[in-house]
Each structure stands twice: as structure tokens, then as C-alpha cells.
Amino acid sequence: MQVLSKTKTGINGLDEITMGGLPKGRPTLICGGPGCGKTLMALEFIVKGATLYNEPGVFMAFEEKAGELTTNVASLGFDLDKLQKNKKLRIDHVHIDRTEVEETGEYDLNGLFIRLDHAINSIGAKRVVLDTIENLFAGLTNQAILRAELRRLFQWLKDKGVTAIITGEKGQGTLTRHGLEEYVSDCVIFLDHRIVNQVSTRRLKVIKYRGSLHGTNEYPFLIDEEGITILPVTSLKLDKNVSAKRISTGIPSLDEMFGGKGFFKGSSILVSGSAGTGKTSIAGSFANATCMRKEKCMFFAFEESPQQIIRNMKSIGLDLNKHVKKGLLEFHSFRPGLYGLEMHLARMYKLIKNFNPSVVVLDPVTNFVSVGLLTEVNAMLLRLIDGMQNAGITLMLTALNSGTTEHIDENVSSLVDTWILVRDIECDGERNRGIYIMKSRGMKHSNEVREFIISSRGLDLVDVYRSSEGVLIGAARKARQKQEGVRTGQNGNGQYRARIKK
Amino acid sequence: MKKTTGSSFEENSNGVDPYVFRLYITGASPNSSRAIINLKAFCEKYLGNHYELQVIDVYQQPQIAKSVDIFALPLLIKKSPLPERRLIGDMSNSDKLLKSLNLT
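Protein chains in written order, with the working numbering: chain A, 93 to 594; chain B, 881 to 984.
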């Protein structure tokens with residue numbers, strides 16, 4: 093049985109979505125509106141082919157001149173001049189202007205065929221891009237000839253055995269303005285550049301791929317200094333490897349609440365609580381502990397700058413700066429409004445991939461609600477949690493829960509393995525912090541509410557005092573402790589006794 | 881076309897530039913053969929001997945497809961007198977030829 097063979101594009105993520113690349117020796121149509129990244133994607137296909145897979149390519153431009161093209165992509169690190177010199181690439185600009193050409197009778201596009209053939213043969217090209225051939229429709233009036241010739245051209249490309257990308261501008265109600273999809277039907281990829289809530293997101297969809305399975309979702313992609321990255325995100329299969337290894341939370345007394353061992357490695361942890369309950373401090377301790385083990389940690393901060401966090405953590409006795417200097421800890425601070433959700437996810441994925449940390453912290457995820465609907469934020473977090481789990485990276489999310497933000501923590505909680513809740517306990521004119529574990533999958537964990545103390549020595553949990561009058565915390569606990577100490581010292585059978593740590 | 885004095889254009893004896901044509905064709909394809917026949921007939925009729933025609937087979941010199949920027953064939957380029965004009969097709973529409981070459 094002959095299976096369709098594929099040509100790797102070398103574009104990050106595209107080969108995963110198409111399960112191996114574009115159909116080998118056949119034309120693929122990439123279509124989309126203006127500025128959606130068609131030309132860049134096509135060009136990257138050629139450049140990656142030439143640099144990674146030793147497959148020279150011909151780029152036939154009907155829009156931009158070779159010089160413009162070279163300048164436009166120089167910022168992406170594509171050196172087209174060098175590739176041309178090394179005979180890995182040929183750029184051919186076809187200039188079309190209806191005002192300069194008069195039609196007198198029957199003609200054909202043999203000139204284009206000869207030109208393309210010559211370009212392909214001169215460097216032994218395996219890849220061809222026609223960007224965008226629809227411009228011919230603007231230059232030539234005889235549609236009947238043009239359509240017949242295009243049909244012949246695509247057949248000719250197939251016969252020639254080159255893997256080709258044809259780009260096309262999106263039309264009204266059609267994929268391309270002039271219906272190129274009629275001729276190029278093996279593989280059609282649609283690019284979209286959409287702005288929702290003033291935030292732009294690029295998306296890619298494989299509309300059709302004859303003879304092959306492919307991902308059918310819309311995938312966000314980004315264009316940055318390294319070219320195009322597409323996120324083959326939603327691998328929603330629940331079949332990842334899990335680790336039984338445990339890692340410390342960074343707070344010994346919190347470790348104790350998890351049976352003395354801490355979190356599972358590669359699990360996801362949600363720390364939620366109201367404002368000022370020390371969520372960032374918990375995250376900071378966890379990051380510190382990770383770096384102390386000589387493991388790498390990546391800290392995404394959406395509220396504070398790295399300097400702020402470092403300064404603030406110093407006040408509780410954590411020196412994060414030394415980890416940053418050693419390269420074990422990397423901060424990335426940005427406002428959620430900077431990009432759309434997809435873009436954030438894509439960027440984070442990329443940064444994580446490059447840094448390869450064992451722990452990732454997001455502080456706080458609730459801020460994303462400002463750029464997306466709650467359901468979208470949840471979907472994004474789901475994908476992030478999923479991705480991290482697949483990569484065996486331990487993920488800590490913090491979430492603010494207050495009356496105003498919708499309860500993102502509750503929505504996310506079903507996705508995470510461990511959920512720690514920190515809350516204010518107000519009584520007797522004091523505000524104290526209580527901490528407890530809402531859930532922790534697959535391990536023994538304490539059911540206690542503990543008092544959570546932030547001091548210059550770090551974070552600590554102390555036992556709360558239970559009495560017949562209720563739970564004693566803060567000053568009441570201290571007073572009782574003192575009283576207790578005195579009592580036990582006196583007659584040895586105090587009414588109140590400290591709970592024994594498990 | 882009359883030429884103004886003092887310009888550097890080449891001049892023939894009677895003060896008028898000859899028509900210089902280049903016709904790009906592909907081998908012996910029907911369009912190509914027709915274009916040659918039609919153009920020759922046209923020139924005989926309207927220009928007499930006052931023209932030069934060079935026929936170039938692009939198949940024989942594929943590299944000129946790029947240098948001359950050819951995509952549709954047959955292609956006729958009027959090199960002289962200026963301005964340069966490009967016409968594509970089998971040259972069967974003599975009205976259009978007349979108009980494009982400013983011969984009306």
C-alpha cells in the first residue's frame with residue numbers, strides 16, 4: 093500500500109499539525125487576507141528547505157521585488173542573498189502591469205513555464221513558491237485563457253515533482269479571490285489575522301488535506317524574530333506519563349501538610365486567595381527551592397516587574413537575585429494586555445521550550461481575564477497545564493479570588509492536581525492568614541486549616557489552636573500559647589493543648 | 881514619429897526612426913506561427929520596409945524569459961520608436977496593433 097509521502101516544511105509546529113508536512117510533489121494552497129503571513133510562511137518553507145533539508149527552492153514573486161523581499165525578511169535572520177549565491181534559492185520577480193501590456197489575440201503562459209522550468213533546473217529545486225499567482229488576473233484580461241493555463245501550470249508542477257506552495261488572497265465568500273482552490277486541491281491552508289478586543293491573533297487552519305489525517309482546529313501562530321511558530325496545542329489525550337517523584341514546596345511546614353514530601357513532580361498546582369494573602373510569596377518560595385536544587389525555574393509575572401519581585405522576596409529572606417545571576421531563574425514580566433491569549437500561550441511555550449525549566453510559575457493567571465472571556469482563559473490554561481504535564485514540568489499558578497474577578501480558581505481547579513487556598517481570617521480586630529489544601533490528587537494530605545505567617549525569615553505555618561471556643565489565631569493564639577505554657581508548667585493538665593503535628 | 885533636433889536618437893536618411901520589433905515565441909506552437917504570419921502581414925501593409933523584426937525563440941534561450949520579464953507568449957516588444965510597448969497574443973487583432981503602435 094502506498095502512503096502519501098510528505099515534505100517537511102521546517103516551520104515550527106506546522107509539521108505536527110499536518111502530521112509530517114505538505115504533500116510531496118504536489119501543490120499546496122495557502123490563502124488568507126492581507127497581512128496574514130502568507131508570503132512569510134511560503135518563504136520560510138523555501139528557506140527552511142534550503143537550510144535544513146538541503147532542498148533548493150524557487151520563489152517566484154508576483155508582488156514584491158527580490159530586493160524588497162530580501163530586506164523584509166532580513167530581520168528574521170533569513171539571508172536570501174547568501175542562499176542565492178550558494179545556489180540554494182532563486183528569486184524571480186514577475187512584473188505585471190496591465191497598462192504596459194496590450195493583448196492582441198490568443199496567447200498562453202509558456203513564458204512563465206519556461207522561466208519556472210529554467211529556474212528549477214538551474215539549481216535542482218525541489219520546492220517552488222508562486223506568490224501570489226492571482227496577480228496574473230490583474231494583468232491579463234482573458235480569463236478563459238488564464239484559467240486553462242493555470243490548470244495546466246499546476247498539472248505541470250505535479251509532473252515536475254516539485255512540492256509547491258501557491259498563495260492566494262482571500263475573496264468574498266471564497267477562499268481565494270479568483271477561485272484558485274479549484275485547481276489546487278490536495279492541501280489547503282487558511283491563515284487568519286483577527287482582532288478581538290483590540291488584540292490581534294493570527295490563526296492557521298488546515299482546511300483540506302487529501303489523503304492524510306491532519307489537525308482540524310484553528311491553531312494560533314505567531315511571527316517573531318525567528319519566523320513563524322504554530323502551536324499544535326490541543327493534544328487533549330489524557331495519556332501522559334506521570335512521575336511519582338516528589339518535590340519540595342519550599343516551605344517545610346507546607347511540605348508536612350503534603351505528607352512531608354511536597355508536590356508531585358510534573359503536576360500542576362493552583363494557589364488561590366484574596367488580595368495580600370501571600371500567593372506571590374508562596375510562588376517565590378517554590379521558585380527559590382527549585383533553584384536551590386540546581387533546577388531551572390521560569391517565572392512569568394503579570395503584575396510586578398522582576399526587580400519588584402526580587403526586592404519583595406528579599407524582605408522575607410529569599411535571595412532570588414543570585415539564582416537569576418546563575419541562570420537558574422528567569423523572569424518574564426509583561427502585562428496581559430500586551431497580546432491576545434493565544435499569543436501569550438505561544439510566547440510562553442516558546443520561552444519555556446528555549447529555557448527548558450523544570451518548574452514554571454504564572455503569577456497571577458486571573459489577570460488574563462482582562463484580555464479574554466473566562467471560558468477562553470480557561471481553555472488557554474487547560475492547554476498550558478496540558479502542555480506542561482506532557483513536558484513533565486511542574487506548573488504553579490496563582491489566582492486572585494475576590495468579589496470582583498470571576499471565580500477563575502474554581503474553573504481551573506478541576507484541571508489542576510493540587511489546590512492550595514490562602515484566605516483572610518478576620519477576628520478580634522485582626523487580619524490573619526489561614527491556609528489549607530482544598531485537594532491534592534494521589535497523595536495523603538492534611539485537612540487542617542493552618543495559620544500562615546510571613547516573616548523576615550520566610551514563610552511558615554503554625555498550628556492553630558482549637559478550643560471549645562473555636563479556632564484561635566493571631567494574637568489570641570499567642571496569648572493562649574503563653575497561658576498554656578504557664579498552665580502546663582504549673583499543673584500539667586491544661587485545658588487547651590497544642591495539636592500534635594502529623 | 882518625428883524626432884526633435886539635438887536629441888541623441890539614431891536617425892535614418894528621411895529623419896524618421898525605423899520601427900524595431902522583437903517577437904518572442906515558443907518553437908512552432910500554433911500561437912507562435914500565427915503571430916509571425918500576422919505580424920509580417922501587418923508590417924508589410926502598414927510600414928512597408930520601414931521596420932526591423934527579430935524573432936526570438938524563448939525555448940532556445942530560456943534565461944531571457946527572466947531578463948526580459950516574460951510570462952505570456954507570444955510577446956511583441958516595440959523597441960523603437962520610444963516609448964517601448966509590449967503586446968501579447970497572436971497579433972490577429974490589427975486594429976489594436978494599429979492603436980498600440982500609434983499608427984492610426
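Ideal Cβ placement from N, Cα and C applies to all residues, glycine included.
Round the Cβ separation of residue 542 of chain A and residue 557 of chain A to the nearest angstrom and send it over; I've been treating them as touching at under 8 Å. Actually they are not in contact, since the Cβ atoms of residue 542 of chain A and residue 557 of chain A sit about 11 Å apart, beyond 8 Å.
Among residues of its own chain, excluding the 5 on either side of residue 311 of chain A, which ones have a beta-carbon nearer than 8 Å to its beta-carbon? Cβ within range, chain order: 105, 109, 295, 296, 297, 322, 323, 324 and 325.
So, does the CB of residue 251 of chain A fall closer than 8 Å to a CB anywhere in chain B? No Cβ of chain B is located within less than 8 Å of the beta carbon of residue 251 of chain A.
Are any of the Cβ atoms in chain B nearer than 8 Å to that of residue 161 of chain A? Closer than 8 Å to the CB of residue 161 of chain A there is not a single CB belonging to chain B.
From residue 496 of chain A to residue 364 of chain A, what distance separates their C-alpha atoms? Its pLDDT being 49, under 50, residue 496 of chain A is placed unreliably by the model, and nothing is read from it.
Can you tell me where the beta strand (DSSP E) holding residue 454 of chain A begins and where it ends? Looking at the DSSP string, the run of the beta strand (DSSP E) that includes residue 454 of chain A is 451-455.
Give me the subset of the region 207-218 of chain A whose CB atoms are less than 8 Å from a CB atom of chain B, sorted by chain position. The residues in question are 207, 209, 210 and 211.
So, is the C-beta of residue 937 of chain B closer than 8 Å to a C-beta in chain A? Not one chain A Cβ lies under 8 Å of residue 937 of chain B.
Per-residue DSSP class, three states only, for residue 513 of chain A: In the structure shown, residue 513 of chain A sits in a strand (DSSP, three-state: E or B).
Does DSSP put residue 533 of chain A in a helix, a strand or coil? Coil, per DSSP.
C-beta contact flag for residue 485 of chain A and residue 532 of chain A at 8 Å: Result no, Cβ atoms of residue 485 of chain A and residue 532 of chain A do not sit closer than 8 Å.
Helix, strand or coil at residue 415 of chain A according to DSSP, with G and I counted as helix: Helix at residue 415 of chain A.
Proximal residues to residue 101 of chain A (C-beta, below 7 Å), its chain only, five neighbours per side dropped: These residues qualify, in order along the chain: 107, 113, 114, 137 and 140.
Cut-off 6 Å between Cβ atoms - residues of its own chain near residue 563 of chain A, not counting five sequence neighbours on either side: Around residue 563 of chain A: 556.
Run down chain B in chain order and give the residues with a C-beta less than 9 Å from the C-beta of residue 204 of chain A. Simply 945, 950, 951, 952 and 953.
In chain A, which residues lie with their C-beta within 7 Å of the C-beta of residue 933 of chain B? None at all; the shortest Cβ gap to chain A is about 15 Å.
First and last residue of the uninterrupted beta strand (DSSP E) at residue 461 of chain A: In the DSSP assignment, residue 461 of chain A falls outside any beta strand (DSSP E) and carries neither an H nor an E.
Nearest chain B C-beta to residue 197 of chain A closer than 8 Å, yes or no? So yes, residue 197 of chain A belongs to the interface.
Under a three-way DSSP split, which group does residue 364 of chain A fall into? In the structure shown, residue 364 of chain A sits in a strand (DSSP, three-state: E or B).
Give me the Cα-Cα distance between residue 350 of chain A and residue 98 of chain A, rounded to the nearest whole angstrom. Straight-line measurement puts the Cα of residue 98 of chain A at about 49 Å from the Cα of residue 350 of chain A.
Which residue wins for smallest C-alpha separation from residue 287 of chain A, given the options A/128, A/211, A/478 and A/477? Cα-wise, what sits closest to residue 287 of chain A is A/128.
From A/267, A/536, A/535 and A/527, pick the residue whose C-alpha is nearest to that of residue 546 of chain A; which is it? Closest option to residue 546 of chain A, Cα to Cα, is A/527.
Look at the Cβ atom of residue 254 of chain A, then the Cβ atom of residue 152 of chain A, and state whether they are nearer than 8 Å. Contact: no.
Indicate, with yes or no, if the ligand GDP has a heavy atom lying under 7 Å from the CB of residue 378 of chain A. Ligands in the displayed structure: none, and consequently the ligand GDP is not present.
Count the C-beta pairs between the region 245-252 of chain A and the region 177-184 of chain A that are closer than 8 Å, then say yes if the count reaches three, no if not. The region 245-252 of chain A is not in contact with the region 177-184 of chain A.
Answer with yes or no whether the minimum CB distance from residue 911 of chain B to chain A is below 8 Å. With 8 Å as the cut-off, residue 911 of chain B counts as an interface residue toward chain A.
With respect to the alpha helix (DSSP H) encompassing residue 194 of chain A, which residues constitute its N-terminal and C-terminal limits? Here residue 194 of chain A belongs to no alpha helix (DSSP H); instead the beta strand (DSSP E) covers 193-195.
Where residue 980 of chain B falls, given that 16 or more other Cβ within 10 Å makes a residue buried: Buried.
In whole angstroms, what separates the C-alpha of residue 393 of chain A from that of residue 404 of chain A? So the two alpha carbons sit approximately 13 Å from each other.
With DSSP run on the structure shown, which of helix, strand or coil describes residue 128 of chain A? Here DSSP, grouped into helix, strand and coil, assigns residue 128 of chain A to coil.
Going by C-alpha distance, which of A/343, A/368 and A/371 is nearest residue 381 of chain A? Among A/343, A/368 and A/371, the Cα nearest to that of residue 381 of chain A is on A/343.
Taking DSSP as the reference, what is the three-state secondary structure of residue 891 of chain B? Confidence at residue 891 of chain B is low in this model, with a pLDDT of 43, below 50, so the placement of that residue is unreliable and no value is reported for it.
Taking DSSP as the reference, what is the three-state secondary structure of residue 214 of chain A? Helix at residue 214 of chain A.
Which one of A/155, A/198, A/509 and A/203 has the shortest CA to CA distance from residue 970 of chain B? Nearest in C-alpha terms to residue 970 of chain B, of all of A/155, A/198, A/509 and A/203, is A/198.
In whole angstroms, what is the alpha-carbon distance linking residue 960 of chain B and residue 157 of chain A? Going from the Cα of residue 960 of chain B to the Cα of residue 157 of chain A covers about 27 Å.
Please state whether the Cβ-Cβ distance between residue 390 of chain A and residue 422 of chain A is less than 8 Å. Yes, Cβ-Cβ distance for residue 390 of chain A and residue 422 of chain A is below 8 Å.
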